[in-house]
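Shown next, in structure tokens, is the structure this report addresses.
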Amino acid sequence: MVMGPDQANRRSARLRATLAAVLLVVVTLGVAVVADRRPTPAPDDPAATPASVRFAVIGDFGADNSHEADVAAMVTLDDPDFVVTVGDNAYGATGQDDAVGQYYHPFIGAYGGAHGAGSPTNRFFPALGNHDINDGGGLADYLSFYTLPGAGITSLHPSGNERYYDVVQGPVHLFFVNSDPSEPSGRTAASAQATWLRTGLAASPSPWNVVVFHHAAYSSSSSHGSTAALQWPFEAWGADLVLNGHDHTYERITRDDDGDGQTLTYVVDGLGGQAPYGFGAPVLGSQVRYNADYGALFVDATTTTLTAAFETVGGATPDTFTLTAPADGHIEGTVTDAAGDPVVGAMVHAVDYRADPPVIRGDLTDATGHYDVAVPAPDAYAVGVLDPTGTSAFEYHQDNPGIDPADDVDVAPGASVTVDVQLSGSPQAPGALTGTVTGGGGPVAGAWVTVMDAGGTPRSAVVTDAAGQFTVPGLAPGEYRMVVVDPAGTFRWEYFDDGAGWPDADPVTITAGATVTA
22 MVMGPDQANR RSARLRATLA AVLLVVVTLG VAVVADRRPT PAPDDPAATP ASVRFAVIGD
82 FGADNSHEAD VAAMVTLDDP DFVVTVGDNA YGATGQDDAV GQYYHPFIGA YGGAHGAGSP
142 TNRFFPALGN HDINDGGGLA DYLSFYTLPG AGITSLHPSG NERYYDVVQG PVHLFFVNSD
202 PSEPSGRTAA SAQATWLRTG LAASPSPWNV VVFHHAAYSS SSSHGSTAAL QWPFEAWGAD
262 LVLNGHDHTY ERITRDDDGD GQTLTYVVDG LGGQAPYGFG APVLGSQVRY NADYGALFVD
322 ATTTTLTAAF ETVGGATPDT FTLTAPADGH IEGTVTDAAG DPVVGAMVHA VDYRADPPVI
382 RGDLTDATGH YDVAVPAPDA YAVGVLDPTG TSAFEYHQDN PGIDPADDVD VAPGASVTVD
442 VQLSGSPQAP GALTGTVTGG GGPVAGAWVT VMDAGGTPRS AVVTDAAGQF TVPGLAPGEY
502 RMVVVDPAGT FRWEYFDDGA GWPDADPVTI TAGATVTA
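All residue numbers in the sequence shown are consecutive under the working numbering, ending with 539.
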């Protein structure tokens with residue numbers, strides 16, 4: 022919401038509230054006439070999906086041999102909600118149907134192979150491996166065999182192709198990356214594919230964000246080992262778990278790559294059917310290494326915990342681990358005017374402006390001027406307040422007109438920090454901007470519309486009414502950018518017009534006596 026041009030490269034973090042809305046605004050100083058344009062219907066609300074799921078993770082399995090058959094039998098008997106692969110689904114001359122469909126067709130949606138009935142809904146989500154691309158029928162066979170993510174499957178961040186894609190299943194948001202060097206969108210941290218992942222992670226409303234790809238970012242195997250090109254800043258971008266393959270081993274690695282004191286878990290899961298590899302020297306953060314038997318990783322995820330166990334076909338469980346989602350913190354307090362009286366209906370923003378895109382949560386003050394904003398923690402936030410009466414200009418705690426000099430409020434998980442704000446009473450500018458927010462085929466009520474000046478400082482903000490309409494007061498002549506956020510998390514957030522970030526935002530210029538179309 023408040024990322025200025027000089028903030029584009031600051032630390033990334035997850036945005037929990039998201040919106041997909043499109044505005045077409047015709048503006049004059051103090052008066053605005055609006056023509057609406059409705060966007061493509063928004064994706065399904067992830068809150069409507071199950072609160073818990075169980076899934077299996079297999080890798081380097083498409084050998085069409087007895088070991089693959091044993092792992093497939095174990096997975097099928099368990100009957101998880103869905104299956105994830107970390108690549109190398111088929112080897113040699115064996116096509117995807119004989120290498121995968123023969124063993125996992127009960128999970129595959131739109132299955133048209135020769136080995137039995139498929140699943141009414143797709144429950145099989147693969148990542149591309151180097152053997153899927155280079156062996157047998159290659160990428161063409163892979164793309165023709167699967168329909169990804171599948172009809173009726175929630176995807177909040179479509180890529181426009183099936184080489185890399187995203188899937189939401191219950192509380193888990195999975196991002197499948199193509200780690201092969203042949204990927205047209207690139208595989209470095211600065212590539213178009215990485216940008217897709219970064220923006221998707223930042224905008225994900227899910228409790229768990231899991232990144233899946235083939236070539237292991239970190240591995241102690243003596244065969245392939247770590248892949249430096251895939252050592253992206255996943256932790257800083259908001260990932261909770263990274264799943265890899267390529268090395269035919271099982272290994273769990275934990276790393277604190279962004280130095281925040283929290284670790285990110287990486288798992289190499291390549292014992293799905295092909296002959297195991299050996300180990301070399303342990304990489305930094307290696308916790309568990311195993312290569313004595315074939316198996317699969319089984320994951321149980323709720324909104325608060327993610328528990329995983331690697332189970333072998335011989336009945337052993339070499340590793341189990343549990344991740345716990347951090348509890349939100351709270352910023353609460355009372356907003357009063359210059360005379361000390363409570364301000365009713367004031368919009369209170371808590372903003373992590375260092376994030377890219379920024380994290381924003383908000384609340385409206387009640388009849389006593391009280392507010393309570395739940396925020397992801399641990400983190401630091403600037404607290405901004407808009408006076409709906411128009412008496413006072415938008416300001417940050419304490420009495421700051423812009424976000425850069427604002428006092429940071431540090432919030433710990435589960436903690437509540439009190440921030441009382443007394444507005445200064447400095448007058449608002451006379452200009453206003455009026456418009457309508459639509460999404461999913463109709464008006465979006467309760468959306469937060471914030472207008473920023475050319476430097477990225479919020480100058481005013483409002484909430485849309487039941488008809489999706491808004492009027493943003495307090496604007497002087499000048500150039501502005503708008504961002505729209507749905508606090509309910511039903512839609513993606515975005516800058517006007519269809520922008521994913523500050524560099525993509527279209528400026529709206531307000532000039533006295535002139536009409537400007539944006």
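Cβ coordinates follow ideal geometry from the N, Cα and C atoms, glycine included.
Can you give the beta carbon distance from leucine 253 to alanine 223, rounded, assuming they're within the 8 Å contact cut? Sequence check: residue 253 is tryptophan here, not leucine. Separation of the CB atoms of tryptophan 253 and alanine 223 is rounded to 13 Å, and the pair is thereby denied contact status at 8 Å.
- Task: Grab the span of the alpha helix (DSSP H) containing tryptophan 229 for me, first residue to last.
- Result: It is not in any alpha helix (DSSP H) - tryptophan 229 instead sits in the beta strand (DSSP E) that spans 229-236.
| field | CB of aspartate 431 within 7 Å of CB of glutamine 419, strictly | value | No, Cβ-Cβ distance for aspartate 431 and glutamine 419 is not below 7 Å.
When you compare only the Cα positions, how much space is there between isoleucine 129 and proline 141? Cα atoms of isoleucine 129 and proline 141: separation of roughly 8 Å, rounded to the nearest angstrom.
Presumed contact (8 Å Cβ cut-off) between leucine 3 and histidine 235, rounded CB distance
The structure shown does not extend to residue 3, since the chain is modelled only from 22 to 539, so the question has no answer here.
Practice problem: Just the C-alpha distance for alanine 388 and aspartate 400, rounded to the nearest angstrom, thanks. | Solution: If I take the Cα positions, the gap works out to 29 Å.
Taking the C-alpha atoms as reference points, what is the distance between tyrosine 287 and valine 396?
-> When rounded, the distance between both Cα atoms is 26 Å.
Next on the checklist: Residues in the same chain with beta-carbon distance under 6 Å from glycine 158, minus the five sequence neighbours each way, listed in chain order, please.
Outcome noted: Excluding five sequence positions before and after glycine 158, the CB atoms of its chain that fall closer than 6 Å to its own CB belong to Gly116, given in chain order.
Note to self: Using a Cβ-Cβ cutoff of less than 7 Å, which residues in the same chain neighbour histidine 152 once the five nearest sequence positions on both sides are dropped?
What the structure shows: The answer, listed in chain order, is Asp109, Ala111, Tyr112.
query: Sorted by chain position, which residues of the same chain lie with C-beta nearer than 6 Å to glutamine 123's C-beta, five sequence neighbours on each side aside?
result: Cβ within range, chain order: His136.
Worksheet item: Who are the near neighbours of aspartate 119 in its chain, counting only those whose CB is closer than 6 Å to its CB and skipping five residues on each side?
Response: Around aspartate 119: Asp85.
*Within its chain, find whatever has a CB closer than 7 Å to the CB of isoleucine 352; leave out the 5 residues flanking it on each side and keep chain order.*
So the qualifying residues of the chain are Ala371, Val394, Val396, Tyr402, Val404, Val430, Val432, Val438, Val440.
Whether serine 242 touches tyrosine 298 by CB criterion (7 Å):
Yes, the pair counts as a contact, with Cβ atoms nearer than the cut-off.
Worksheet item: Taking the C-alpha atoms as reference points, what is the distance between serine 165 and glycine 133?
Response: Taking the straight line from one Cα to the other gives about 10 Å.
Quiz item: What do you reckon, are the CB atoms on alanine 237 and aspartate 268 nearer than 7 Å?
Solution: Taking a C-beta distance under 7 Å as the contact criterion, alanine 237 and aspartate 268 qualify as a contact pair.
Residue burial classification, serine 203 (beta-carbon count within 10 angstroms, cutoff 16): Result: exposed.
Quiz item: Is the beta carbon of arginine 144 sitting closer than 7 Å to the one on phenylalanine 196?
Solution: No, these two residues do not count as a Cβ contact at 7 Å.
Cα-Cα separation, asparagine 199 to glutamate 515: Cα to Cα, asparagine 199 sits roughly 26 Å from glutamate 515.
Runs of alpha helix (DSSP H) lying entirely within the stretch 250-335, each at least 4 residues, in chain order = 255-258, all fully within the stretch 250-335.
**OP:** Flag this pair as touching only if the stretch 266-282 and the stretch 301-309 have three or more C-beta atom pairs under 8 Å; answer yes or no.
**Re:** The stretch 266-282 makes contact with the stretch 301-309, as at least three CB pairs between them are under 8 Å.
- Does DSSP put alanine 94 in a helix, a strand or coil? Three-state result, alanine 94: helix.
| message | Cutting at 8 Å between CB atoms, please list the residues of its own chain near alanine 172, excluding the five before and the five after it. | response | Closer than 8 Å at Cβ, skipping near neighbours: Gly130, Ala131, Thr142, Asn143.
Task: Under the three-state DSSP convention, the category glycine 460 falls into - done: DSSP places glycine 460 in strand when its eight states are reduced to three.
### Query
Which residues mark the beginning and the end of the beta strand (DSSP E) in which histidine 391 is found?
Bounds of the beta strand (DSSP E) holding histidine 391 are 391-396.
Residues near proline 205 by beta carbon distance below 7 Å, same chain, minus five either side: Answer for proline 205: no residue qualifies.
When DSSP labels each residue in this structure, what does phenylalanine 166 get in the three-state scheme? Correct three-state label for phenylalanine 166: helix.
**Q.** Whole-angstrom distance between valine 470 and proline 498, CA atom to CA atom
**A.** Valine 470 has its alpha-carbon roughly 18 Å from the corresponding atom of proline 498.
_Using beta carbons (cut-off 7 Å, strictly below), is glutamate 515 in contact with chain C?_
No chain C appears in the structure shown, which is made up of a single protein chain.
- Message: Quick check: the Cα distance between valine 465 and alanine 488, rounded to an integer number of angstroms?
- Response: Near 7 Å, if we compare the C-alpha coordinates of alanine 488 and valine 465.
*Where DSSP assigns a beta bridge to arginine 75, which residues make up the other side?*
Note: arginine 75 sits in a beta bridge opposite Asp321.
Exercise for the section: Pull up the distance between the alpha-carbon of glycine 350 and that of threonine 324, whole angstroms please. Expected result: Using only the alpha carbons, I get a separation of about 16 Å.
Could you have a look at alanine 348 and say whether DSSP puts it in helix, strand or coil?
Three-state DSSP puts alanine 348 in coil, outside helix and strand.
Do serine 525 and phenylalanine 517 have their CB atoms nearer than 7 Å? The sequence given here places aspartate at residue 525; serine does not occur at that position. No, they are not a contact pair.
Inset, instruction - State buried or exposed for aspartate 91, treating a residue as buried only when at least 16 other CB atoms are found within 10 Å of its CB. - result: Classification of aspartate 91: buried, given that the 10 Å Cβ count is 16 or more.
| query | Who are the Cβ neighbours of threonine 345 in its own chain at under 7 Å, not counting the five residues just before and after it? | reply | Contacts found: Thr325, Thr326.
Is the separation between the beta-carbon of valine 356 and that of alanine 348 shorter than 7 Å? Not closer than 7 Å, so no.
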